[in-house]
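All residue numbers for the sequence shown refer to the numbering used here, where the first residue is 162 and numbers rise by one.
No residue lacks a Cβ here, since even glycine has one placed at the ideal position from N, Cα and C.
This report concerns only the one structure given below.
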Amino acid sequence: MEYVVNPAQFELYWQVELREISGTCVQVFFYALYLGLFGRATYTLRNRATEGRTFILRICTLVSANHLLQSLVTLPVSLPERMKIYQALSVAQDVTLLANEFVYNSFGYRCYVIWGYRKKVLILPGALMLSTLITGTMASSWANRPHITFAGLLPYILALLTNVVLVILTAGRIWWKRREAIHVGAEGLLRKRYDAVIAMIVESGAVYCVCVVLLSITGGIGGGQFRREAGYLASTHGGLTATTQRRSKMMWYTVEQSAAAHLANIIPTLIIVRSGVGNNVADTAPKHIVVS
162 MEYVVNPAQF ELYWQVELRE ISGTCVQVFF YALYLGLFGR ATYTLRNRAT
212 EGRTFILRIC TLVSANHLLQ SLVTLPVSLP ERMKIYQALS VAQDVTLLAN
262 EFVYNSFGYR CYVIWGYRKK VLILPGALML STLITGTMAS SWANRPHITF
312 AGLLPYILAL LTNVVLVILT AGRIWWKRRE AIHVGAEGLL RKRYDAVIAM
362 IVESGAVYCV CVVLLSITGG IGGGQFRREA GYLASTHGGL TATTQRRSKM
412 MWYTVEQSAA AHLANIIPTL IIVRSGVGNN VADTAPKHIV VS
């Protein structure tokens, strides 16, 4: 007895499997990179008596736990079983991605310290973080909708704004204190330290912003089709096809979604590691940056 597979159905299954393999390769690469950075960051925090060390160490531990959870909910299982629980996995991925964003912005504590523990400085970024949390939670419940609306993209927009605000507040404050230090004759090593910290903050913020922008763009284009394919595969009936161009966009969506979650953990951890090899102003921050 011969069994003939519907070419359209086979192609659809193959495209989903190909995206899963691509996403998994990205996950493995970034997770391996993160493990090395996490070990180095933990060593740095344990062996340097810097201000806020205990808080940052706890945040790093929370980041690591959430990173592991993110990897577990995105690891591939056999396709039929995955499609049966696709909606639950989709929501879980959205929730862990949202948790990554929240934990990443918890490093706004550095902004709080640099501004001399002024609570008013955290009002705007705090409001944006809360808005991101609320809209992200709501958007995760819309995972089964065939099209991504503006409301579905709103968490990405708010996350982008939160990151930009924190970068401006943190780097801007350091730049201002650097300017004051130069006016009183501080040059040489101190100036280089200020420049190094500003560069680290701006670079990390820029990388994260680019990732969020790309994810929101490809999510708006390919995310809806991706969800409709999952619904089709779960019900095992229907006739769903996609153009080559749209399949390519959905592939990028999967890869970028995998990368975005890990970058949210890697970026702040990388800053700690770079600080540990001497590119910081830890020794001068209490004297020149933190003001009452």
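Residue i versus the options, residue with shortest Cα-Cα distance
{"i": "residue 279", "options": "419, 330, 353, 315", "result": "330"}
{"i": "residue 336", "options": "357, 322, 321, 418", "result": "357"}
{"i": "residue 276", "options": "328, 226, 314, 319", "result": "328"}
{"i": "residue 434", "options": "283, 182, 203", "result": "203"}
{"i": "residue 187", "options": "426, 420, 424", "result": "420"}
{"i": "residue 368", "options": "223, 352, 417", "result": "417"}
{"i": "residue 426", "options": "288, 271, 229", "result": "229"}
{"i": "residue 364", "options": "345, 431, 274, 223", "result": "431"}
{"i": "residue 191", "options": "225, 205, 218", "result": "225"}
{"i": "residue 313", "options": "298, 423, 325", "result": "298"}
Through-space distance from residue j to residue i, alpha-carbon basis
{"i": "residue 207", "j": "residue 176", "result": "46 Å"}
{"i": "residue 300", "j": "residue 342", "result": "46 Å"}
{"i": "residue 371", "j": "residue 198", "result": "21 Å"}
{"i": "residue 454", "j": "residue 377", "result": "The structure shown does not extend to residue 454, since the chain spans only 162 to 453, so no value can be given for it."}
{"i": "residue 293", "j": "residue 320", "result": "6 Å"}
{"i": "residue 283", "j": "residue 295", "result": "18 Å"}
{"i": "residue 269", "j": "residue 184", "result": "30 Å"}
{"i": "residue 180", "j": "residue 413", "result": "9 Å"}
{"i": "residue 322", "j": "residue 374", "result": "11 Å"}
{"i": "residue 222", "j": "residue 338", "result": "31 Å"}
{"i": "residue 350", "j": "residue 359", "result": "14 Å"}
{"i": "residue 209", "j": "residue 287", "result": "29 Å"}
{"i": "residue 415", "j": "residue 172", "result": "17 Å"}
{"i": "residue 324", "j": "residue 317", "result": "11 Å"}
{"i": "residue 274", "j": "residue 362", "result": "15 Å"}
{"i": "residue 272", "j": "residue 205", "result": "20 Å"}
{"i": "residue 353", "j": "residue 178", "result": "49 Å"}
{"i": "residue 366", "j": "residue 344", "result": "28 Å"}
{"i": "residue 424", "j": "residue 340", "result": "32 Å"}
{"i": "residue 200", "j": "residue 189", "result": "17 Å"}
{"i": "residue 193", "j": "residue 355", "result": "31 Å"}
{"i": "residue 182", "j": "residue 196", "result": "21 Å"}
As assigned by DSSP and simplified to three states, the class of residue i
{"i": "residue 219", "result": "helix"}
{"i": "residue 282", "result": "helix"}
{"i": "residue 413", "result": "helix"}
{"i": "residue 274", "result": "helix"}
{"i": "residue 269", "result": "helix"}
{"i": "residue 366", "result": "helix"}
{"i": "residue 345", "result": "coil"}
{"i": "residue 207", "result": "helix"}
{"i": "residue 176", "result": "helix"}
Residue i CB to nearest heavy atom of the ligand GDP below 7 Å
{"i": "residue 424", "result": "In the structure on display, the ligand GDP does not appear, and there are no ligands present to speak of."}
CB contact check: residue i to chain D, cutoff 8 Å
{"i": "residue 320", "result": "Within the model displayed, chain D is absent; a lone protein chain is all it includes."}
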